[in-house]
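Chains as they are written, first to last, in my numbering: chain A, 1 to 282; chain B, 1 to 337.
The beta-carbon is built from N, C-alpha and C at its ideal position, and this holds for glycine as well.
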Amino acid sequence: MTGAAVVVFFALLAAFAPQLSGITGNDPYTYHLNLLAGSGVPNGAFGGISASHWLGVEPQTGRDLFAIVAYGAQISLLVGVGATVLATLIGTVLGVTAGYSGGLVDTLLSRFTDLTIAFPQLIFMIALVSLVPASFPKQYFMIAVIGVFGWPSVARVVRGQTKVLRNRSFVVAARAVGASPVHVLFTEILPNLASTITVIATMSIPGAIGTEAALSFLGIGVPPPTPSWGREISSAIAWVSVDPWYLAAPGLALFLVTLALNAFGDGLRDALDPRMTGRRQR
Amino acid sequence: MRITRFLLTRIAGMIGVLLLVSLATFLIFYLLPADPARAECGKLCLPGELTQVRAFMGLNEPVWRQYLNFLGGIFTGRTYGAGANAIVCAAPCLGYSFQQNTTVLSLIGQTLPVTASIAVGAAVLWLVAGVLAGVVSALRRGRALDRAVMAVAIVGVSAPSYLVGLLAILLFGFKLNILPDSGYVPLQQNPGQWAFHLILPWCVLAFISAAIYARLTRSQMLDALGEDYVRTARAKGLREASVVGKHALRNVMIPVITIFGLDFGSLLGGAVITEKVFSMYGLGALLIGAVESTDLSVISGVTLLAAVFVIVANFLVDVVYKLLDPRVLRTPVMHIG
């Protein structure tokens, strides 16, 4: 439940980023060069934490770190949830199709799933980035790419569950009285898959958030000056020896939100579906 | 007999998948909007020059021919252009980087040892540590040790590798100043320094991945300990160490090895993040550099190689899997429900 509370906290942080950073009159774009020493390191202890800059300021530019972290949460959660929704949709459709049809369709789809799972995903995502025109919004591109590579784990679990459900007596009975496949799918199978899908979707979000941060960390995520946790962590490399506090804010935010979602997902799985042992999205 | 047939079908399957992957890589990187000839020719490129460059790079031919050239290059090598300016790319030719004026293979040759050094050491560490932690945790289920191990594991699962890497650099490199924070020393130059420079990347990667293996091993071990064959082994009066270590662990290792193959294979294709954090120039860094300069032949070469690593690793896993699983060679695999 602590996990759920932290998730809600970050969701609110993202939703009210402008208002919250507005309390101290900050935004993630304004430079505060007067807060920096000559070397670019923030003045004052703990990376320049003060009443008006709750998490300190960025070295070199003096931008407010609280605002950056709050606006960065928007990108992280947008991409994390968006990619997961896309992956869950694709995975559910393919998983149900494979599990319900069986036979050749099942074999082909399962092979395709294995093939997709076996791809070195990060490498392919990085390579694909080079092909996207710079004008295309990177956050939507990341949702598409992470979603398109993320569906196999959903498909596998859904396929397995569908195969089990297909032979359960209530489904067999529905078919025996002449229900159409569409009717069986939507009224018998899908409602029974709902909890499984919810669990695996929840467990997929931290992975998607992590991938977004990794792409941004590598310098191919959303372009500056749009705030992003991954890019901030990447810039912190150069400053870690003189201003380690710069790493703390975006790093902790990313770590906490991932940890909370993982814990929440584990709890949800134990509560809804104790038997599920699907492979975790990593 | 059965094992020969198994190997043959698997090898045939692997070759089929490799062909598919090479086709996919080719299609993605040669036919999508970015134009390698334009990238090579530069911004101030006259139309006539562009045609020349295109012909030189073999891009003026029909698509299927280009793919066959690409595929043929891997087996027999290929020549770009003709006459005095011709560039020969010997087999196995994965392409030629006109930006860096060298074959993609030689670029890979320079960077692969770095990535392989990172991957092999880290993989050994994480497999041993992860499985050990998972087994211990399962045997002490619900006790303090189990909870401690699982708490550390969920931290490891949640913490991004670069964050752990940066913290490790901060602690061991700057604060304690006992380990180098970056750089790579070739193995053949100085094995001691090679290992010394790799300690941090190994440990960081191992920490992240071991966490996943510990969680997986624990849940598999708990399942296995409830199985009939474990009860039978105990009833036979076998020592607990033998029950757990031989009978249960053998079954636990099957899914663990499956994931290990995937992980290790994809890590070999570029430890992108680790390389960046520790400033090592491996395959991942080569790829990132190529993406920044739109060097398409390098991008497609590295991507294809990365896919090959995963596919080959998968194949090896399948073989090991059959050797580990006592049921496999006696009865055909049954798919139940």
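At least one CB of chain B lies nearer than 9 Å to the CB of A:SER241. If only complete runs of 4 or more residues are kept, the region 254-315 of chain B shows the alpha helix (DSSP H) at 272-277 and 283-292, in order along the chain. Of all alpha-carbon atoms in A:ASN26, A:LEU86 and A:THR107, the one lying nearest the alpha-carbon of A:ALA67 is that of A:ASN26. B:ALA159 has a beta carbon lying within less than 9 Å of a beta carbon in chain A. Contact between A:ALA214 and B:PRO160 holds: CB atoms are separated by about 7 Å, below the 8 Å threshold. The beta-carbon of A:GLN121 is placed less than 9 Å from the nearest beta-carbon of chain B.
Shown here, A:VAL242 sits in coil according to DSSP, grouped into three states, outside any helix or strand. A:ASP64 sits buried, since 16 or more C-beta atoms from the chains shown fall within 10 Å of its C-beta.
Of A:PHE255, A:PRO244, A:LEU259 and A:ARG168, the smallest CA-CA separation from A:PRO59 is found for A:PRO244.
Judged by beta-carbon spacing, A:LEU86 lies within the 9 Å limit of A:ILE146, meaning their Cβ atoms are closer than that value. Counting along the chain, the unbroken alpha helix (DSSP H) around A:THR84 starts and ends at 65-101.
By the Cβ neighbour-count rule, A:GLY91 is buried, with 16 or more other Cβ atoms within 10 Å of its own. Taking 9 Å as the CB threshold, A:GLY103 stays off the interface with chain B.
Residues of the region 7-24 of chain B with a C-beta less than 7 Å from any C-beta of chain A: VAL17, listed in chain order. Note on geometry: alpha-carbon atoms of B:LEU267 and A:VAL57 lie some 35 Å from one another. With contacts defined by Cβ atoms closer than 9 Å, A:VAL164 and A:ILE200 do not form a contacting pair. Close partners of A:VAL129 in chain B (Cβ separation under 9 Å): VAL291.
With its beta carbon at least 9 Å from every one in chain B, A:ILE23 lies outside the interface. By the Cβ criterion, the region 174-194 of chain A is not in contact with the region 103-123 of chain A, since fewer than three pairs of Cβ atoms, one from each stretch, lie closer than 8 Å. Close to B:TYR162, with beta-carbon spacing below 7 Å, are these residues of chain A in chain order: PHE217 and ILE233. Look at B:VAL320: its C-beta is not under 9 Å from any C-beta on chain A.
Beta-bridge annotation (DSSP): A:SER204 is not paired with any residue. Assigned with DSSP and collapsed to three states, B:TYR184 falls in coil, not helix or strand. Per the C-alpha coordinates, the member of A:MET142, A:LEU104, A:GLY150 and A:TYR100 positioned closest to A:ILE117 is A:GLY150.
Non-local beta-carbon contacts of B:GLY130 in its own chain, meaning distances under 6 Å to residues more than five positions away in sequence, involve ALA210, TYR213 and ALA214 in chain order.
Listed along chain A is no residue with a C-beta nearer than 8 Å to that of B:THR115; the closest approach is about 11 Å. In this structure, the beta-carbon distance from A:VAL79 to A:ILE209 falls below 9 Å. Along the length of the region 223-257 of chain B, whole alpha helix (DSSP H) runs at least 4 residues long occupy 228-235, reported in chain order. Under the Cβ distance rule, A:GLY251 counts among the residues neighbouring chain B, one pair being separated by less than 9 Å.
For B:ASN314, the closest of B:ASP263, B:LEU46, B:VAL272 and B:LEU170 by C-alpha to C-alpha distance is B:ASP263. At a cut-off of 9 Å between beta carbons, B:LEU59 makes no contact with chain A. Of all C-beta pairs linking the region 164-182 of chain B to the region 231-242 of chain A, three or more are shorter than 8 Å, placing the two stretches in contact. Within 7 Å of the CB of B:ALA306, the CB atoms of chain A belong to PRO120 and ILE123, in sequence order along the chain. By a beta-carbon distance limit of 8 Å, A:SER76 does not contact A:GLU232. Their separation comes to about 11 Å. Spanning the alpha carbons of B:ARG147 and B:SER137 requires a straight line of approximately 8 Å. Straight across, the Cα-Cα distance linking B:SER293 with B:ASN251 is about 47 Å.
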